[in-house]
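Okay, so the sequence shown: first residue is 1 according to the UniProt record's numbering, each after it adds one. What follows is one structure encoded as structure tokens, with my remarks underneath.
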Amino acid sequence: MFLGYALQAVGLMFTTASRSCFLLYLNVKIVPVLSAVLFRRQVSALTWTSAAIAVFGTTLLSYDGGPPNAGDFWSIMAAVASAMFILRLDTHVGKFSSSLSLTSALTGATSLYCLVWAACELLLGASAGSLSEVPARIGAEVAALAQDSPAQILYLGLVTTAFTSVLQALGQSKVSPERAALIYAADPVWGAGFAYLLLGETLGVNGLIGAALISGAAIGSQLLTPKGDEDKDRGAA
């Protein structure tokens with residue numbers, strides 16, 4: 001979970017939000033690869049075909065309006081981390097009494113990792129001081145962010161992190177990862193829409209075709225997969 005958020009943040013420093021959101025959606029196509037490699041799960045030919053189509057769509061999207069950049073790479077790495085999170089969440093969601101307790105553990109661990117990352121940045125940065133100064137420096141940085149962008153900080157922390165984590169854990173305790181992946185197909189569409197409305201970002205012809213291939217591959221694989229094959233491809237999209 002932490003790596004997904006961190007790598008996404010790094011990626012957005014170098015690429016557009018619209019490109020990043022579609023690249024991040026590759027996570028539901030990376031899931032079957034990780035399932036086969038790490039957990040020895042059998043994956044259908046349809047799933048592999050849809051994954052290949054999604055990769056081709058990613059290539060088109062990456063060359064939309066310019067060559068691939070560092071942000072594209074980090075966004076894809078965030079998709080890999082997110083795919084692993086989906087698999088691990090599916091494994092452990094039944095071990096907790098409620099989605100709230102699972103989310104508390106996830107957000108608590110993520111917060112701790114973020115503090116460690118911030119401390120390392122301060123220690124290794126140009127303005128690094130002694131170890132004893134790190135807590136005060138972190139506090140000063142957080143206070144500055146809270147003063148400059150309080151609404152954004154609250155929204156990112158409470159809505160897009162804590163609240164959505166509760167909903168995701170609750171949802172995946174009720175439905176299969178396959179069904180969840182189909183619902184997640186709306187993620188990049190919403191992301192591209194908000195990127196256009198709030199940031200004025202648009203996709204070119206290559207980007208639109210690539211985005212359609214990525215979303216279509218995921219949705220099509222879910223609609224065409226026989227119901228009896230869901231357990232075989234559990235965790236796949």
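Even glycine gets a Cβ: it sits at the ideal position worked out from N, Cα and C. Everything numeric in this text was worked out from a predicted model, so none of it was measured.
With residue i and residue j assumed to form a contact (beta carbons below 8 Å), what rounded beta-carbon distance in angstroms separates them?
{"i": "alanine 54", "j": "glycine 191", "result": "The Cβ separation is near 16 Å, so there is no contact."}
{"i": "threonine 58", "j": "glycine 210", "result": "6 Å"}
{"i": "serine 75", "j": "leucine 34", "result": "At roughly 17 Å, the Cβ-Cβ gap does not stay under 8 Å, so serine 75 and leucine 34 are not in contact."}
{"i": "residue 255", "j": "alanine 81", "result": "Given that the chain is displayed from residue 1 to residue 237, the structure contains no residue 255 and the question cannot be resolved."}
{"i": "leucine 213", "j": "phenylalanine 56", "result": "6 Å"}
{"i": "isoleucine 153", "j": "alanine 146", "result": "6 Å"}
{"i": "lysine 95", "j": "alanine 217", "result": "So it is not a contact: roughly 32 Å between Cβ atoms."}
{"i": "leucine 46", "j": "leucine 224", "result": "6 Å"}
Among the options, which residue has its Cα nearest to the Cα of residue i?
{"i": "aspartate 90", "options": "Val31, Ala51, Gly57", "result": "Val31"}
{"i": "serine 104", "options": "Ser165, Leu224, Asn27", "result": "Ser165"}
{"i": "glycine 71", "options": "Ser20, Leu106, Ala36, Ile86", "result": "Ser20"}
{"i": "asparagine 27", "options": "Ala195, Gly207, Pro188, Gly139", "result": "Pro188"}
{"i": "leucine 102", "options": "Phe163, Ala45, Leu123, Glu121", "result": "Phe163"}
{"i": "leucine 106", "options": "Phe73, Met1, Gln168, Ala217", "result": "Met1"}
{"i": "histidine 92", "options": "Ser173, Val205, Ala109, Gly220", "result": "Ser173"}
{"i": "serine 221", "options": "Leu100, Thr49, Phe14", "result": "Thr49"}
{"i": "alanine 6", "options": "Thr161, Leu167, Thr47", "result": "Thr161"}
{"i": "alanine 83", "options": "Tyr63, Tyr184, Ala146, Thr15", "result": "Tyr184"}
{"i": "threonine 202", "options": "Phe85, Ser149, Leu61", "result": "Leu61"}
{"i": "leucine 87", "options": "Ser149, Gly139, Gly157, Ala169", "result": "Ala169"}
{"i": "alanine 119", "options": "Ala79, Ala140, Leu100", "result": "Ala140"}
{"i": "glycine 157", "options": "Thr110, Leu123, Ile219", "result": "Thr110"}
{"i": "valine 205", "options": "Ala36, Phe14, Tyr63", "result": "Tyr63"}
Under a three-way DSSP split, which group does residue i fall into?
{"i": "methionine 84", "result": "helix"}
{"i": "threonine 16", "result": "coil"}
{"i": "serine 215", "result": "helix"}
{"i": "leucine 203", "result": "coil"}
{"i": "asparagine 69", "result": "coil"}
{"i": "methionine 1", "result": "coil"}
{"i": "lysine 95", "result": "helix"}
{"i": "serine 149", "result": "coil"}
State buried or exposed for residue i, treating a residue as buried only when at least 16 other CB atoms are found within 10 Å of its CB.
{"i": "alanine 51", "result": "buried"}
{"i": "tyrosine 155", "result": "exposed"}
{"i": "glycine 200", "result": "exposed"}
{"i": "leucine 197", "result": "exposed"}
{"i": "alanine 9", "result": "exposed"}
{"i": "glycine 207", "result": "buried"}
Could you check whether the Cβ of residue i sits closer than 8 Å to any heavy atom belonging to the ligand ADP?
{"i": "valine 116", "result": "For the structure depicted, the ligand ADP is absent and the ligand set is empty, with no information on it obtainable."}
Requested in this report: Would you be able to state if there are at least three C-beta pairs under 8 Å between the segment 24–42 and the segment 110–121?
Outcome: no
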